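Trainee: FYI, the numbering for the sequence shown is 1 to 365, going by full-length UniProt numbering.
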Amino acid sequence: MDLVTGTELPHIVPLNDSSVGSMSEIYSAVKWTQFVTTLLSVLGSGSVIGYAVFQNAVKFPEVRPLFYLSLSDLFLAICWLVGAVMYRKTSFNKNIACYNLQILGQMFYLSTFLYTLNYMWQLFCNVKTKVDGDTKKISHSNCHIRRALTILSSLVPVLLSVPVLCFGNSNKCYGNSTHPHSCLVLNIGSQITADQRNYTSTCTAIYYYSTVVFLAMFLLAAVLILVLMGCTYILCRRYLTTRGPFVFQQWAAISVAKQNLIFIPFIFFLCCMPAVVLTAVKLYKPHEEYDVFTILYFILAFTAVSQGFFNCLAYGWTQRMLRYLKQSTCRDVDTQTPLLRSQKKCYASVQVTTETMLPQKVSAL
Numbered sequence: 001m002d003l004v005t006g007t008e009l010p011h012i013v014p015l016n017d018s019s020v021g022s023m024s025e026i027y028s029a030v031k032w033t034q035f036v037t038t039l040l041s042v043l044g045s046g047s048v049i050g051y052a053v054f055q056n057a058v059k060f061p062e063v064r065p066l067f068y069l070s071l072s073d074l075f076l077a078i079c080w081l082v083g084a085v086m087y088r089k090t091s092f093n094k095n096i097a098c099y100n101l102q103i104l105g106q107m108f109y110l111s112t113f114l115y116t117l118n119y120m121w122q123l124f125c126n127v128k129t130k131v132d133g134d135t136k137k138i139s140h141s142n143c144h145i146r147r148a149l150t151i152l153s154s155l156v157p158v159l160l161s162v163p164v165l166c167f168g169n170s171n172k173c174y175g176n177s178t179h180p181h182s183c184l185v186l187n188i189g190s191q192i193t194a195d196q197r198n199y200t201s202t203c204t205a206i207y208y209y210s211t212v213v214f215l216a217m218f219l220l221a222a223v224l225i226l227v228l229m230g231c232t233y234i235l236c237r238r239y240l241t242t243r244g245p246f247v248f249q250q251w252a253a254i255s256v257a258k259q260n261l262i263f264i265p266f267i268f269f270l271c272c273m274p275a276v277v278l279t280a281v282k283l284y285k286p287h288e289e290y291d292v293f294t295i296l297y298f299i300l301a302f303t304a305v306s307q308g309f310f311n312c313l314a315y316g317w318t319q320r321m322l323r324y325l326k327q328s329t330c331r332d333v334d335t336q337t338p339l340l341r342s343q344k345k346c347y348a349s350v351q352v353t354t355e356t357m358l359p360q361k362v363s364a365l
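Right, here's the structure in full:
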């Protein structure tokens, strides 16, 4: 590809037109897959945010971390929705914009790692508070820690992305971005290039820095999420199996928390693993042919920005489970504690006997 007229950019790598032509149909299909999934994610995360705002539920500690996670998912989806709209086969000006869009998209992607970790941490704290029966007493130090984690989940990705943004643009590293798909979600994890051997030393350092930061942040978040998942599950199981004197709010919150322990980590790994695998393989084999990753490209386009949509489904399911628990508990008996199975059988037999002894107007009620 020729340089733009009148502008000398030394780091632009010429593209193999035959390779681009053979992949153009795949890139076009990936573009439409990316467009649909990002649109669904915008709608899903936006519905969670809208529900939390209009129902004034952001103040509750159970909803607040999911609200911030949905905000991060929303920004990520909007970023790559713009990328799908900007997709062009050849346009140098678009390539500059897409390079910066890649950095912005990766920044939001890193924030989803940290906000998912923040969600699991606050889920653990909320469950511990519920099982301790200390629902109204939250220490000031606890509040400060939660606020600090929320702020760091936004601040750390920005600080990690600033060097790539500044040095990458000042050294014109966007000239090495592969033009046909530089606006597609395939670039999450690192700035995919035509040939890294033509990089300057600064651009090479930026490339490896961006890739290593992405993989390291995912590894750190994944390990801590699994640890918190195990600790929270042990805590839930210990107190639910003991059948202690729970009020309904404690019992329902712990039961719903067990559902979230499955949904949220599963969604996290489902949406992030394809991007991590593609980034790791390209770091290990940077000169591999593109057609080797065709299947992974489509999986990545489907999952990478779908976290907001899947989190919306998970939140809707847990809300449905909570309503079901309320209804079933109210049908059991007018008490604050849910009945055990043996108690339900005994209560059912007693209820039949007492109904025959009650006046007719009471049974009609």
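Note that the Cβ used here is the ideal one computed from N, Cα and C, for glycine as well.
Since we're looking at a predicted model, the values are computed, not measured.
Would you call Lys-282 buried or exposed, if buried means 16 or more other Cβ atoms sit within 10 Å of its Cβ?
Mentor: Buried: at least 16 other Cβ atoms inside 10 Å.
Trainee: How should Phe-67 be labelled, buried or exposed, when 16 other C-beta atoms within 10 angstroms of its C-beta is the threshold for buried?
Mentor: Answer is buried; the Cβ neighbour count reaches 16.
Trainee: Give me the Cα-Cα distance between Arg-147 and Leu-110, rounded to the nearest whole angstrom.
Mentor: Distance between the alpha carbons of Arg-147 and Leu-110: 18 angstroms.
Trainee: For the alpha helix (DSSP H) that contains Ile-78, what are its first and last residues?
Mentor: Its alpha helix (DSSP H) spans residues 64-86.
Trainee: Let me check understanding here. Comparing Cα to Cα, which of Met-229, Thr-318, Lys-285 lies closest to Asn-118?
Mentor: Checking every option, the nearest Cα to that of Asn-118 belongs to Met-229.
Trainee: Label Asn-56 either buried or exposed according to how many other C-beta atoms from any shown protein chain fall within 10 Å of its C-beta, with 16 as the threshold for buried.
Mentor: It counts as exposed.
Trainee: Can you have a look at Ser-182 and say buried or exposed, based on whether 16 or more other CB atoms are within 10 angstroms of its CB?
Mentor: Ser-182 comes out buried.
Trainee: Once DSSP output is grouped into helix, strand and coil, what is the label at Arg-56?
Mentor: For the sequence presented, residue 56 should be read as Asn rather than Arg. Three-state DSSP puts Asn-56 in coil, outside helix and strand.
Trainee: Under the three-state reduction of DSSP, which class applies to Asn-118: helix, strand or coil?
Mentor: DSSP places Asn-118 in helix when its eight states are reduced to three.
Trainee: Quick check on Arg-64: buried or exposed, where buried means 16 or more other Cβ atoms within 10 Å of its Cβ?
Mentor: Under this definition Arg-64 is a buried residue.
Trainee: Could you tell me the distance, in whole angstroms, from the CA atom of Val-185 to the CA atom of Arg-238?
Mentor: For Val-185 and Arg-238, the distance between alpha carbons rounds to 42 angstroms.
Trainee: Specify whether the segment 39-47 and the segment 307-319 touch according to this definition: at least 3 beta carbon pairs, one from each stretch, less than 8 angstroms apart.
Mentor: The segment 39-47 vs the segment 307-319: in contact.
Trainee: Does Lys-258 come out as helix, strand or coil in the three-state DSSP assignment?
Mentor: Reduced to three states, the DSSP call for Lys-258 is helix.
Trainee: By how many angstroms is the C-alpha of Phe-214 removed from the C-alpha of Leu-300?
Mentor: Leu-300 and Phe-214: Cα-Cα distance of roughly 15 angstroms.
Trainee: Got a sec? Which residues, its chain only, sit under 6 angstroms from Met-120 by beta carbon, not counting five neighbours each side?
Mentor: The answer, listed in chain order, is Ile-225, Leu-228.
Trainee: Taking Cβ positions, are Leu-101 and Gly-83 nearer each other than 7 angstroms?
Mentor: A contact, by the Cβ cut-off of 7 angstroms.
Trainee: Excluding five sequence neighbours on each side, which residues of the same chain lie with their C-beta closer than 6 angstroms to the C-beta of Val-276?
Mentor: So the list reads Phe-218, once near-sequence residues are dropped.
Trainee: Going straight from the alpha carbon of Phe-298 to that of Cys-272, what length do you get?
Mentor: Taking the straight line from one Cα to the other gives about 14 angstroms.
Trainee: Which residues in the same chain as Phe-124 place their Cβ atom closer than 7 angstroms to its Cβ, once the five residues preceding and following it in sequence are excluded?
Mentor: Result list for Phe-124: Leu-228, Cys-231, Thr-232, in chain order.
Trainee: So Leu-300 is in the alpha helix (DSSP H); what residue range does that whole segment cover?
Mentor: Counting along the chain, the alpha helix (DSSP H) containing Leu-300 begins and ends at 294-303.
Trainee: Compare the beta carbon distance of Thr-279 and Thr-202 with 7 angstroms and say whether it is the shorter of the two.
Mentor: Their beta carbons are not under 7 angstroms apart, which means Thr-279 does not touch Thr-202 by this criterion.
Trainee: Roughly how many whole angstroms lie between the Cα atoms of Asn-260 and Pro-61?
Mentor: Roughly 14 angstroms separates the two Cα atoms.
Trainee: Would you call the CB atoms of Met-107 and Ser-161 closer than 7 angstroms?
Mentor: Yes, they are a contact pair.
Trainee: Measuring straight from C-alpha to C-alpha, what distance separates Ile-267 and Asn-311?
Mentor: Answer to the nearest angstrom: the Cα atoms are 7 angstroms apart.
Trainee: Between the beta-carbon of Phe-269 and the beta-carbon of Thr-33, is there less than 7 angstroms?
Mentor: Not in contact: Phe-269 and Thr-33 (Cβ atoms no closer than 7 angstroms).
Trainee: I need the straight-line Cα distance from Leu-220 to Leu-40, nearest angstrom please.
Mentor: Going by the C-alpha atoms only, they are around 28 angstroms apart.
Trainee: Between Lys-172, Ile-262, Ile-234, which lies nearest to Ile-206 when the distance is taken from Cα to Cα?
Mentor: Comparing Cα positions, the closest option is Lys-172.
Trainee: Can you look up Thr-200 in the DSSP assignment and give me helix, strand or coil?
Mentor: Three-state result, Thr-200: coil.
Trainee: What does the Cβ neighbour count give for Ser-153, buried or exposed, with the cut at 16 atoms within 10 Å?
Mentor: Ser-153 is buried by the Cβ-count criterion.
Trainee: Look at the Cβ atom of Thr-318, then the Cβ atom of Ile-26, and state whether they are nearer than 7 angstroms.
Mentor: Contact flag unset, no.
Trainee: Less than 7 angstroms between the C-beta atoms of Val-164 and Ile-103, yes or no?
Mentor: Yes, they are a contact pair.
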